[in-house]
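A.B. asks: These protein sequences, in sequence, are chains A and B. Every position in the first sequence, counted from 1, becomes a number in the working numbering once 201 is added. Every position in the second sequence, counted from 1, becomes a number in the working numbering once 66 is added. We put the beta carbon where it would ideally sit given N, CA and C, even for glycine. What you are looking at is a predicted structure, and each value in this text was computed from that prediction instead of being measured.
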Amino acid sequence: AQKVTQAQTEISVVEKEDVTLDCVYETRDTTYYLFWYKQPPSGELVFLIRRNSFDEQNEISGRYSWNFQKSTSSFNFTITASQVVDSAVYFCALSEAASGGSYIPTFGRGTSLIVHP
Amino acid sequence: EAGVVQSPRYKIIEKKQPVAFWCNPISGHNTLYWYLQNLGQGPELLIRYENEEAVDDSQLPKDRFSAERLKGVDSTLKIQPAELGDSAVYLCASSLGSQGNEQFFGPGTRLTVL
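1. Kindly say whether A125(B), judged by its beta-carbon, lies nearer than 8 Å to any beta-carbon of chain A.
2. So, are the CB atoms of A133(B) and V85(B) less than 8 Å apart?
3. Out of I305(A), T312(A) and R310(A), which one is the CA nearest neighbour of T228(A)?
4. Which chain B residues sit within Cβ distance under 9 Å of G309(A)?
5. Can you list the residues of chain B that R264(A) reaches, using a CB-CB cut of under 9 Å?
6. Round the Cβ separation of F248(A) and Y238(A) to the nearest angstrom and send it over; I've been treating them as touching at under 8 Å.
7. Does the beta-carbon distance from R114(B) to S164(B) come in below 8 Å?
8. In chain order, which continuous runs of the beta strand (DSSP E) of length 3 or greater are located wholly inside the stretch 87-118 of chain B?
9. Determine the contact status of T312(A) and Y291(A), defining contact as a CB-CB distance below 8 Å.
10. What residues in its chain sit with their C-beta under 7 Å from that of D140(B), if we drop five residues either side in the sequence?
11. Have a look at E118(B) and S93(B) and give me their C-alpha separation to the nearest angstrom.
12. In angstroms, rounded to a whole number, what distance separates the CA positions of A208(A) and F276(A)?
13. Closest to W267(A) by C-alpha separation, out of K204(A), V214(A), L222(A) and S303(A), would be which residue?
14. Given a threshold of 16 other Cβ atoms within 10 Å of its Cβ, counted over all protein chains shown, does I280(A) qualify as buried or as exposed?
15. Indicate whether at least one CB of chain A lies closer than 8 Å to the CB of G138(B).
16. Below 9 Å on C-beta distance, what does F236(A) contact in chain B?
17. For V179(B), go through chain A and note every residue whose CB falls closer than 7 Å to its CB, in chain order.
18. Taking a contact to mean a Cβ-Cβ separation below 8 Å, would you say C293(A) touches V205(A) in this structure?
19. Does DSSP classify I303(A) as helix, strand or coil?
20. Does DSSP classify K217(A) as helix, strand or coil?
21. Could you compute how far the alpha carbon of D287(A) sits from the alpha carbon of I315(A)?
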C-alpha cells in the first residue's frame with residue numbers, strides 16, 4: 202500500500218478558479234512530517250510547506266492554504282484564484298522516523314495542475 | 067546563496083556503458099539524498115548520506131549502482147553498466163539534518179539509455 206496517495210493525477214482549471222489538491226497518507230508513527238513540493242516544467246522541486254504531526258493548525262500563505270486533518274490522515278493543498286504560473290506538478294511527501302532518529306521521506310506520485318488562461 | 071548543483075543536466079549513453087552524476091549540495095547541509103524519478107512518478111530515494119556516511123541505501127541496486135560522498139560535501143552516483151530501464155531523472159537534494167527538515171533539490175540529470 203502506498204504511504205502517500207495523491208489520487209488526482211491531473212487537474213485542469215481556468216485561471217482565477219480555486220483548486221484543491223488532495224493528499225492522504227498512511228503511517229503508524231505518532232511523530233512524522235508532511236510536506237508539499239512544487240515541480241515546475243524546469244524540473245527542480247521547490248519546497249512549499251512542512252507540517253509536523255503535532256501541529257494541526259491550518260496555514261495560509263498568500264493564495265496558498267493547507268488543511269491538515271489527522272482524523273482523516275489528509276493534508277490537502279488549496280490554491281485560491283489560480284494563475285497560469287501555478288501550472289506544475291505538485292508532490293505531497295511524508296517523512297517517518299527511521300533507525301538512528303532520522304526521518305525517511307516518501308513522495309506521492311504527484312498531481313499535475315494545468316491552469317488555462 | 068547557491069542552490070544544489072548537479073551535472074550534467076542531460077546524458078545520453080548506450081546500454082552497458084558507465085555513467086556518473088555529480089552533486090554539490092548547499093553549503094553547510096550535512097544530509098544529502100539521491101533520488102530516482104521516473105516519468106509521471108514521484109522521487110524515489112536511492113541513498114541518503116549523513117556527512118560522509120551512507121545510510122538508508124536499501125533501495126540502491128548495488129550490483130550496478132554505487133555512490134560516494136568524499137569529505138562529506140560533493141557526491142557522485144555511478145551506474146555501471148547502464149541498462150535501458152535506468153533511463154530516468156536522477157535528483158540530488160540536501161537538507162540541514164534529517165529530522166524532518168525540508169529538502170532543497172537540484173535540477174536533476176536526465177539520463178537516456180539507448
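C.D. replies: Checking against the coordinates, here is how it stands:
1. According to the sequence provided, residue 125(B) is Gln. The question's Ala does not apply to it. So no, Q125(B) is outside the interface.
2. Their beta carbons are not under 8 Å apart, which means A133(B) does not touch V85(B) by this criterion.
3. Among I305(A), T312(A) and R310(A), the Cα nearest to that of T228(A) belongs to I305(A).
4. What G309(A) touches in chain B: G108.
5. Listed along chain B, no residue sits closer than 9 Å to R264(A) by beta-carbon distance, the nearest being about 20 Å off.
6. In this structure F248(A) is in contact with Y238(A), their Cβ atoms being roughly 6 Å apart against a cut-off of 8 Å.
7. It is a contact, given that the beta carbons lie within the stated cut-off.
8. DSSP runs (the beta strand (DSSP E)) wholly in the stretch 87-118 of chain B: 97-103 and 110-116.
9. In contact: T312(A) and Y291(A) (Cβ atoms closer than 8 Å).
10. Excluding residues within five positions, the ones whose Cβ falls inside 7 Å are W88, C89 and N90.
11. Distance between the alpha carbons of E118(B) and S93(B): 14 Å.
12. CA-CA distance, A208(A) to F276(A), rounds to 13 Å.
13. Among K204(A), V214(A), L222(A) and S303(A), the Cα nearest to that of W267(A) is on L222(A).
14. Buried, because 16 or more other Cβ atoms sit within 10 Å of the Cβ of I280(A).
15. It does not: the Cβ of G138(B) has no partner Cβ on chain A nearer than 8 Å.
16. Going along chain B in sequence order, the residues near F236(A) (Cβ under 9 Å) are G166, E168 and Q169.
17. What V179(B) touches in chain A: nothing, since even the nearest Cβ is about 19 Å away.
18. It is a contact, given that the beta carbons lie within the stated cut-off.
19. What sits at residue 303(A) in the sequence shown is Ser, not Ile. In the structure shown, S303(A) sits in coil (DSSP, three-state: anything other than H, G, I, E or B).
20. Judged by DSSP in its simplified three-state form, K217(A) adopts coil rather than helix or strand.
21. Rounded to whole angstroms, D287(A) to I315(A) spans 8 Å at the Cα level.
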